[in-house]
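S.K.:
Protein chains in written order, with the working numbering: chain R, 232 to 458; chain E, 232 to 458.
(1) Taking the alpha-carbon positions, what's the residue 361 of chain R to residue 425 of chain E distance?
(2) Reducing DSSP to helix, strand and coil, say where residue 412 of chain R ends up.
(3) Does the stretch 404 to 415 of chain E touch the stretch 445 to 455 of chain E, meaning 3 or more C-beta pairs lie closer than 8 Å?
(4) Residue 262 of chain R to residue 276 of chain R, Cα distance in whole Å?
(5) Can you tell which of R/393, R/292, R/251 and R/300 has the C-alpha that lies nearest to the C-alpha of residue 282 of chain R?
(6) Below 7 Å on C-beta distance, what does residue 410 of chain R contact in chain E?
(7) Quick one: Cα of residue 436 of chain R to Cα of residue 364 of chain E, how far?
(8) Is residue 405 of chain E close to chain R, meaning its C-beta is less than 8 Å from at least one C-beta of that chain?
(9) Would you tell me roughly how many angstroms separate the C-alpha atoms of residue 446 of chain R and residue 434 of chain E, rounded to the nearest one?
(10) Please state if the CB of residue 370 of chain R and the CB of residue 343 of chain R are separated by a distance shorter than 8 Å.
(11) Does residue 394 of chain E have its Cβ less than 8 Å from a Cβ in chain R?
(12) On a CA-only basis, which of E/411, E/352, E/319 and E/432 is nearest residue 395 of chain E? Give me that one, please.
(13) So which of E/273, E/303, E/325 and E/393 has the shortest CA-CA distance to residue 428 of chain E?
(14) Short of 6 Å in beta carbon distance, which residues of its chain neighbour residue 320 of chain E, apart from the five on each side in sequence? Order them along the chain.
(15) What whole-angstrom Cβ distance do residue 440 of chain E and residue 324 of chain E have, given they're in contact under 8 Å?
(16) DSSP has residue 264 of chain E in a bridge; who is on the other side?
(17) Does the stretch 325 to 332 of chain R come close enough to the stretch 290 to 300 of chain R to have 3 or more Cβ pairs within less than 8 Å?
(18) Based on Cα-Cα distance, which residue from E/337, E/285 and E/443 lies nearest to residue 415 of chain E?
(19) Taking the alpha carbon of residue 285 of chain R as the point to measure from, which residue in R/348, R/242, R/297 and R/264 has its own alpha carbon closest?
(20) Taking C-alpha atoms, which residue in R/242, R/303, R/335 and R/372 lies nearest to residue 258 of chain R?
(21) Kindly indicate which three-state DSSP category residue 294 of chain E falls into: helix, strand or coil?
(22) In chain R, which residues lie less than 8 Å from residue 442 of chain E when you measure between Cβ atoms?
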């Protein structure tokens, strides 16, 4: 279950930690199985099974297991009829970044996140730790994003260092926001499908590293929703 | 040098990795000493001293040393006469969050970051890895922030889950933005000194965890600068 191929084959994923297990269950996701390693946790999660700590340690992918581990069904695609904006990720590799972006989509009411097949797996334990329960409320799919974008009729905005200022861009009622890889940005192939290149103005005088992809996504989603 | 007390006593700090060392040097910060462990790196950094890999490993705080390690003087406070906005951190503990916030201050031209004494040390290696060269351009100081805020004449904005919408708040020409601890937000003591409680509106229907402190800082600094 710690490896992606097993996760996909069985359509199951594992989360660890009281807070994220509780968040998922509150989002009305019922665990297939739930294990705890002490009786205090058993009182809080009455449906759980009590197992010896060394058994939980074997199942866990953490160096210091949290004492609770849930097995859940992967979420299927949601009803997309109401989707106004979609975020598309082109090869985002860092689990913390993907987790933060899923949480941001949830916060800003973006129901659909579409990832290139080389984006980090959203059921990776580190991603789940960063998303908390948001994974249950945002539809995350993996596909050929070039095909996805070609078939779309909505305007396609891409985040670039040298794009037009987002403050002067008219972000409409609906659209697609493409965010690129941590080191290389949006790939050339995908770049050809972008209808508007946008950027976040820089106010510091000196040359600076670009903003981190999760940080930039936060600012752009806020721009989309603030109207 | 890996421990805070030694760093403070000597006014020196260590950074590792080609990219961040180069960024600091480009920000016109001259290293006190610079060590590399191979001749390829020596060609790129001619002023460096070549040392055997095992020596570099002993100096390094990383499990997998990057091959280059620089020792720098800590930055002193900058000229504050031009400071319009200041960010104040109340007990931010995660090095990645502090590093991201320093980078954001640099991006948005905020020269001054004031941290409570229980905020994570900005010369912590993990913070430096996340800030890149920004640490050379943003003045980071540690102090009793209750005293700092009491003496200030600028309006003091604090980020809360239940504050007034930042979209409807008139953020003036200057002010102070206070961001709180990852788990507990702004402490009660500091809360009493806040003149306006602000928040980032939520668009997802369901209850969600609050935004991460670095993400929220990104959005609020963008709101301050977009005008």
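Think of the CB as a built atom: it goes at the ideal place given N, C-alpha and C, for glycine as much as any other residue.
Since the model is a prediction, treat every value here as computed from it, not as a measurement.
M.R.: On the basis of the supplied data:
(1) 29 Å
(2) strand
(3) A contact exists between the stretch 445 to 455 of chain E and the stretch 404 to 415 of chain E.
(4) 11 Å
(5) Measuring from the Cα of residue 282 of chain R, the nearest candidate turns out to be R/300.
(6) Under the 7 Å cutoff, chain E gives no residues; its nearest Cβ is about 14 Å from residue 410 of chain R.
(7) 13 Å
(8) Judged by the 8 Å Cβ criterion, residue 405 of chain E is not in contact with chain R.
(9) 18 Å
(10) Yes. Within cutoff.
(11) no
(12) E/432
(13) Nearest C-alpha to residue 428 of chain E: E/393.
(14) 346, 350 and 410
(15) Not a contact, Cβ separation roughly 17 Å.
(16) E/302
(17) no
(18) E/443
(19) Checked all of R/348, R/242, R/297 and R/264; the closest Cα to residue 285 of chain R is R/297.
(20) R/303
(21) The three-state secondary structure of residue 294 of chain E, taken from DSSP, is coil.
(22) Result: 334, 335, 338 and 449.
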